[in-house]
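Residue numbers (UniProt numbering): 1 to 278.
One structure is given below, encoded as structure tokens.
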């Protein structure tokens with residue numbers, strides 16, 4: 001692949017362990033996997049607002065209690081926030097109205113997640129959703145294969161609402177390795193008819209415990225064939241867990257990225273990744 005550029009764009013004080021983000025109209029929405037808030041950061045005036053997603057939210061929830069919000073996706077004026085499903089208290093999906101800044105609904109997806117585990121032949125301890133896409137007709141949920149079974153799986157749910165009847169497809173992927181350890185999905189977005197995804201390598205066999213960070217990749221999947229077009233290693237030191245489209249111009253596509261620093265420090269660096277359009 002041709003040359004890419006990765007740079008720190010700015011830093012946000014007040015957010016830790018960022019795991020998902022969405023950019024629109026000069027505002028960057030973020031979730032942290034140990035936080036009970038949806039954060040809204042205005043990139044022009046550098047103002048940070050907090051929107052509670054759960055009752056009695058805090059910014060640093062204990063690991064065994066946290067809702068583990070790992071991904072954001074949007075359609076029209078609604079932002080959807082997903083819990084990872086990696087433990088019994090991480091099964092929430094919250095719909096947030098971007099215009100009114102209010103919660104539209106809260107769903108417990110425990111039954112859907114159990115069905116996905118059974119259909120995808122993924123053990124509960126290896127189930128860990130870290131990416132989500134909704135295009136108005138289909139949902140794409142990305143299982144991070146950082147458990148023992150290395151099941152990097154995209155679940156395609158053919159339904160306009162997760163509360164109605166649906167058809168389910170599970171597609172497995174072998175993602176690139178670093179030092180013999182396979183990378184695993186950490187986020188994904190849809191740009192036109194292409195899925196861009198992040199994958200990262202941690203030296204751990206657990207979806208719960210963190211390990212040594214060995215690097216991250218950007219990759220692309222063709223939506224029609226669901227086959228990988230390319231992957232590119234973009235760092236040897238960062239665990240990137242959030243990806244959003246920024247802009248596209250002059251044969252270059254730009255994304256904003258955030259990383260999970262696996263600490264309780266409430267600061268988040270936002271990176272800009274630029275790639276040639278292929």
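Virtual Cβ for every residue (Gly too), placed ideally from N, Cα, C.
Selection from the options that minimises the alpha carbon distance to residue i
i: residue 44; options: 34, 25, 51; result: 25
i: residue 184; options: 163, 158, 148; result: 148
i: residue 187; options: 162, 178, 165, 154; result: 154
i: residue 50; options: 247, 83, 12, 131; result: 12
i: residue 116; options: 96, 86, 102, 135; result: 86
i: residue 78; options: 62, 99, 64; result: 99
i: residue 182; options: 164, 214, 157; result: 214
i: residue 119; options: 88, 93, 156, 97; result: 156
i: residue 7; options: 38, 46, 175, 234; result: 234
i: residue 80; options: 101, 88, 230, 63; result: 101
i: residue 92; options: 176, 53, 5; result: 53
i: residue 216; options: 222, 247, 179, 249; result: 179
i: residue 212; options: 121, 146, 273, 10; result: 146
i: residue 264; options: 83, 63, 223; result: 63
i: residue 9; options: 94, 34, 164, 46; result: 46
i: residue 30; options: 229, 82, 170; result: 82
i: residue 121; options: 165, 135, 170, 76; result: 170
i: residue 224; options: 251, 250, 192; result: 192
Residue(s) in a DSSP beta bridge with residue i
i: residue 264; result: DSSP output for residue 264 lists no bridge partner at all.
i: residue 200; result: 184, 216
i: residue 271; result: 8, 257
i: residue 190; result: 195
i: residue 145; result: DSSP output for residue 145 lists no bridge partner at all.
i: residue 127; result: DSSP, once it has assigned bridges, lists no residue as partnering residue 127.
i: residue 81; result: 72, 94
i: residue 244; result: 256
i: residue 138; result: 158
i: residue 47; result: 42
i: residue 152; result: 173
C-beta contact flag for residue i and residue j at 8 Å
i: residue 151; j: residue 172; result: yes
i: residue 159; j: residue 139; result: yes
i: residue 133; j: residue 190; result: yes
i: residue 16; j: residue 56; result: no
i: residue 143; j: residue 129; result: yes
i: residue 202; j: residue 18; result: no
i: residue 124; j: residue 90; result: no
i: residue 48; j: residue 20; result: no
i: residue 268; j: residue 240; result: no
i: residue 242; j: residue 257; result: yes
i: residue 23; j: residue 131; result: no
i: residue 232; j: residue 253; result: no
i: residue 36; j: residue 58; result: yes
i: residue 96; j: residue 113; result: no
i: residue 27; j: residue 41; result: yes
Anticipated Cβ contact below 8 Å, residue i with residue j, distance rounded
i: residue 244; j: residue 255; result: 7 Å
i: residue 277; j: residue 247; result: About 12 Å separates the two Cβ atoms, so there is no contact after all.
i: residue 4; j: residue 175; result: No, residue 4 and residue 175 are not in contact; Cβ-Cβ is about 18 Å, not under 8 Å.
Does the region 69-76 come within contact of the region 101-112, defined as at least 3 CB pairs closer than 8 Å? no
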